[in-house]
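> First the structure, which I've put down as structure tokens, then a few questions once you've had a look.
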């Protein structure tokens, strides 16, 4: 989206680094929820667990990532085949960059320099410069209809899941090409890394299973039975717990990473999808695609403490 013509400072801002465009947030933390059918992002104050704002976000916002330092939001618009860049202080789209057809999951590199977007129809991952929005590369992957492209904690690799696949494709970021794949179950979706980067956890929707991958050896070291239609994955900042959402069961399961066993199952809304934790790890926010809501879980007690109404077909959550 071009910069608004009535705001003269924005013309000059085109030459500035993206992080400088975002003023500090008014309070923290906020949760941001893209609503795929509403074309909006709901803004939730995590102190009160209430919606405090809404951001117009193209036609079909799906994948979402946030620069926790600057507050910049990166969102894929599937209809516009574009990456939207949103200033969370001003709560509006500042610009957009073109992507291929039907982009979905998006992630920001740990050094905040690169944005990766999974592009379904071209079976590829697109890299953009997070500062300028400039195109860097389109990287083909073996899996068809890629959904998530997630940076490893060191930023050297991207793990890519695809709806029509039984593997995770691994991209070498510096070489800008796929260098390996790891066999997992049917229709891999959510991916999450332990904070130390030693393992990745992958939810496979049609296998109802979570696979733990040893990053160094690129081998599966554990298979964990999940609920029906396992899809979203989020890792606790401590690395001790992994959370997986089960779409058809309307639950979130808690996996202990020491034993790789499920230690709790929590009922949430209909078709839970992608999730995010507050920075302290004490609250988990779960986007419920068919309930048009976000469930809030106290991770210390395993209890749902709030159910927040958002827009239609919420896709996921990020928190800053």
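In the numbering used here, the protein residues as written are 1131 to 1450.
Backbone N, C-alpha and C define an ideal beta-carbon position, used for all residues, glycine too.
These figures come from a predicted structure and were not determined experimentally.
(1) Residue range of the beta strand (DSSP E) that residue 1329 falls in?
(2) Comparing alpha-carbon positions, which option in 1174, 1193, 1364, 1437 lies nearest residue 1279?
(3) In whole angstroms, what is the alpha-carbon distance linking residue 1303 and residue 1219?
(4) Does the beta-carbon distance from residue 1271 to residue 1306 come in below 7 Å?
(5) Can you round the beta-carbon distance between residue 1382 and residue 1424 to whole angstroms, since I take them to be within the 8 Å contact cut?
(6) Hey, how far is the Cα of residue 1173 from the Cα of residue 1448?
(7) So, is residue 1450 buried or exposed, given that buried needs 16 or more other C-beta atoms within 10 angstroms?
(8) Between the segment 1281 to 1295 and the segment 1237 to 1249, do at least 3 Cβ pairs fall closer than 8 Å?
(9) With respect to the beta strand (DSSP E) encompassing residue 1370, which residues constitute its N-terminal and C-terminal limits?
(10) Once the 5 residues before and after residue 1385 are set aside, which same chain residues still bring their CB inside 8 Å of it?
(11) Quick check on the DSSP output: what are the complete beta strand (DSSP E) runs of length 3 or more inside the segment 1265 to 1331, in order along the chain?
(12) Per the DSSP calculation, residue 1251 is bridged to which residue(s)?
(13) Could you check where the beta strand (DSSP E) with residue 1121 kicks off and where it finishes?
(14) What is the DSSP secondary structure of residue 1243, reduced to helix, strand or coil?
(15) For residue 1439, which of helix, strand or coil comes out of DSSP?
(16) With the cut-off set at 7 Å, would you say residue 1227 and residue 1235 are in Cβ contact?
(17) Output the distance between the C-alpha atoms of residue 1401 and residue 1338, rounded to the nearest integer angstrom.
(18) In terms of residue numbering, what span does the beta strand (DSSP E) encompassing residue 1092 cover?
(19) Considering only residues of the segment 1342 to 1369, which uninterrupted beta strand (DSSP E) runs meet the minimum length of 3 residues and lie entirely inside it, listed in chain order?
(20) Is residue 1182 buried or exposed, if buried means 16 or more other CB atoms sit within 10 Å of its CB?
(21) Are the CB atoms of residue 1206 and residue 1189 nearer to each other than 7 Å?
(22) Quick one: grab the DSSP three-state call for residue 1226.
(23) Taking the continuous beta strand (DSSP E) assigned at residue 1217, which residues delimit it?
(24) Which of helix, strand or coil does DSSP assign to residue 1450?
(25) Quick one: is residue 1274 buried, meaning 16 or more other Cβ sit within 10 Å of its Cβ, or exposed?
(26) Would residue 1445 and residue 1159 be called neighbours here (beta carbons separated by less than 7 Å)?
(27) Look at the Cβ atom of residue 1321, then the Cβ atom of residue 1301, and state whether they are nearer than 7 Å.
(28) By how many angstroms is the C-alpha of residue 1399 removed from the C-alpha of residue 1318?
(29) Measure the Cβ-Cβ separation of residue 1343 and residue 1312 and say whether it is below 7 Å.
(30) Tell me the rounded alpha-carbon separation between residue 1404 and residue 1350.
(31) If you drop the 5 nearest sequence neighbours on each side, which residues of the same chain put their C-beta closer than 7 Å to that of residue 1324?
Short version:
(1) 1329 to 1334
(2) 1193
(3) 31 Å
(4) no
(5) No, residue 1382 and residue 1424 are not in contact; Cβ-Cβ is about 12 Å, not under 8 Å.
(6) 10 Å
(7) buried
(8) yes
(9) No beta strand (DSSP E) contains residue 1370, which DSSP labels as neither H nor E.
(10) 1331, 1340, 1354, 1371, 1372, 1373, 1374, 1391, 1392, 1393
(11) 1265 to 1270, 1274 to 1281, 1287 to 1294, 1297 to 1302, 1307 to 1313, 1318 to 1323
(12) DSSP lists no partner for residue 1251.
(13) Look at the range of the chain in this structure, 1131 to 1450, and you will see that residue 1121 is not part of it.
(14) coil
(15) strand
(16) no
(17) 14 Å
(18) With the chain running from 1131 to 1450 in the structure shown, residue 1092 is simply not present.
(19) 1349 to 1355, 1360 to 1365
(20) exposed
(21) no
(22) strand
(23) 1212 to 1217
(24) coil
(25) exposed
(26) no
(27) no
(28) 22 Å
(29) yes
(30) 23 Å
(31) 1365, 1369, 1387
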